[in-house]
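Colleague: Under our numbering, the first residue of the sequence shown carries the number 121, and numbering increases by one thereafter. The structure that follows is given in the form of C-alpha cells.
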Amino acid sequence: MDRWIFCEKDHVHWGSQGGAGLLLRFVPPNGQPVYLLQQRAYSVDHGGTWGMPGGAIQAGESPEMAARREAEEEIGPLPPIRVASIEVQECGGGWKFYVVSANVDREFRAFCVRETEATGWFTREEMKSLRLHPDFAQWIQDHALHRA
Ligand SMILES: [Zn+2]
C-alpha cells in the first residue's frame with residue numbers, strides 16, 4: 121500500500137518506494153516543443169498547481185511502469201510513447217522522485233480522470249505564466265527541457 125513516509129530530512133513524502141512522474145513531449149515539425157502538464161486537483165497537496173502526472177511507485181514496479189500507470193490513472197489512455205530519459209530528483213533526505221521523459225507523435229487529448237483539474241500542452245515559455253508545483257518548478261529550473 122502507498123503511504124506517507126518521513127525521509128531522513130523529516131520531509132513528508134507520499135510513497136514508501138519513492139515516486140515517479142511522466143513528462144511527455146511533442147516536437148512539432150516547425151515549432152517549439154510542447155509538454156503535457158496536469159493541473160492538480162484542489163483536493164490533493166499543492167492543489168491547483170501544474171506539473172506532470174505521477175505518484176507513488178508500488179512494490180515490484182520500475183519507475184517507468186509506475187509513471188505510465190499513474191499517468192493513465194490520472195489523465196486516461198496514452199498513445200505509444202518513446203522513453204528518452206529517466207532522471208532522479210533526490211530530496212536531500214534519501215527519498216527519490218524519478219522523472220520519466222518521453223516523446224509522443226501528436227498532441228493527443230488528455231482527460232481529467234482522477235486527481236486532475238485540467239490538462240494542457242505548453243511550451244517552456246508558456247510554463248512561466250503557470251503556477252507550477254514547487255518540485256516541478258525546481259526540476260525545470262535545473263534542466264534545460266529542450267535537451268530531454
Ligand atoms: Zn525528503
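No residue lacks a Cβ here, since even glycine has one placed at the ideal position from N, Cα and C.
Kindly examine ligand 1 and report whether one of its heavy atoms sits closer than 7 Å to the Cβ of G141.
Modeller: Indexing the sequence shown from 1 puts residue 141 at position 21. Checking every heavy atom of ligand 1 against the Cβ of G141, none is found closer than 7 Å.
Colleague: How many angstroms separate the CA atom of F146 from the CA atom of V224?
Modeller: Numbered from 1 along the sequence shown, position 26 holds the residue referred to as residue 146. Numbered from 1 along the sequence shown, position 104 holds the residue referred to as residue 224. If you take the alpha carbons of F146 and V224, they lie about 5 Å apart.
Colleague: Inspect the CB distances between the segment 200 to 210 and the segment 150 to 166 and report whether three or more fall short of 8 Å.
Modeller: Too few Cβ pairs lie closer than 8 Å, so no.
Colleague: Could you tell me whether the segment 226 to 234 touches the segment 130 to 142, using the rule of 3 or more Cβ pairs below 8 Å?
Modeller: Flag = no, the segment 226 to 234 and the segment 130 to 142 do not touch.
Colleague: Leaving out five residues before and five after I125 in sequence, what residues of the same chain have Cβ atoms less than 6 Å from its Cβ?
Modeller: Here residue 125 refers to the residue found at position 5 of the sequence shown. These residues qualify, in order along the chain: H133, S136.
Colleague: When you compare only the Cα positions, how much space is there between S246 and L156?
Modeller: Locating residue 246 in the sequence shown gives position 126, where the first residue counts as 1. Locating residue 156 in the sequence shown gives position 36, where the first residue counts as 1. The identity of residue 246 in the sequence shown is Glu, whereas the question assumes Ser. The straight-line gap from Cα to Cα measures roughly 12 Å.
Colleague: Assign W259 to one of three DSSP states: helix, strand, or coil.
Modeller: As a working mapping, residue 259 is identified with position 139 in the sequence shown. Looking at W259 - three-state DSSP - the assignment turns out to be helix.
Colleague: On a CA-only basis, which of Q209, G151, G214 is nearest V220? Give me that one, please.
Modeller: For the purposes of this step, residue 220 is taken as the residue at position 100 of the sequence shown. Selected option, being the one with the closest Cα: Q209.
Colleague: Which of the three DSSP states, helix, strand or coil, is assigned to I177?
Modeller: Mapped onto the sequence shown, residue 177 falls at position 57. I177 falls in the coil class under three-state DSSP.
Colleague: For M172 and A186, what's the separation of their Cα atoms in angstroms?
Modeller: Working through the sequence shown from its first residue, we reach residue 172 at position 52. Working through the sequence shown from its first residue, we reach residue 186 at position 66. One C-alpha to the other measures close to 13 Å.
Colleague: Using a Cβ-Cβ cutoff of less than 8 Å, which residues in the same chain neighbour A268 once the five nearest sequence positions on both sides are dropped?
Modeller: Against the sequence shown, residue 268 aligns to sequence position 148. Its pLDDT being 43, under 50, A268 is placed unreliably by the model, and nothing is read from it.
Colleague: What would DSSP say about S249, mapped onto helix, strand or coil?
Modeller: Locating residue 249 in the sequence shown gives position 129, counting from the first residue. Coil, per DSSP.
Colleague: Look at the alpha carbon of A176 and the alpha carbon of K248, and state the distance between them as a whole number of angstroms.
Modeller: On the sequence shown, position 56 is the one that residue 176 refers to. On the sequence shown, position 128 is the one that residue 248 refers to. Cα-Cα distance, rounded: 27 Å.
Colleague: Which of the three DSSP states is assigned to H266 in this structure?
Modeller: Looking up residue 266 in the sequence shown gives position 146. Summary for H266: the model assigns pLDDT 49, below 50, so the residue's position carries little reliability, and this model does not support an answer.
Colleague: Give the secondary structure of E190 by DSSP, where H, G and I count as helix, E and B as strand, and everything else as coil.
Modeller: By one-based count along the sequence shown, residue 190 stands at place 70. Reduced to three states, the DSSP call for E190 is helix.
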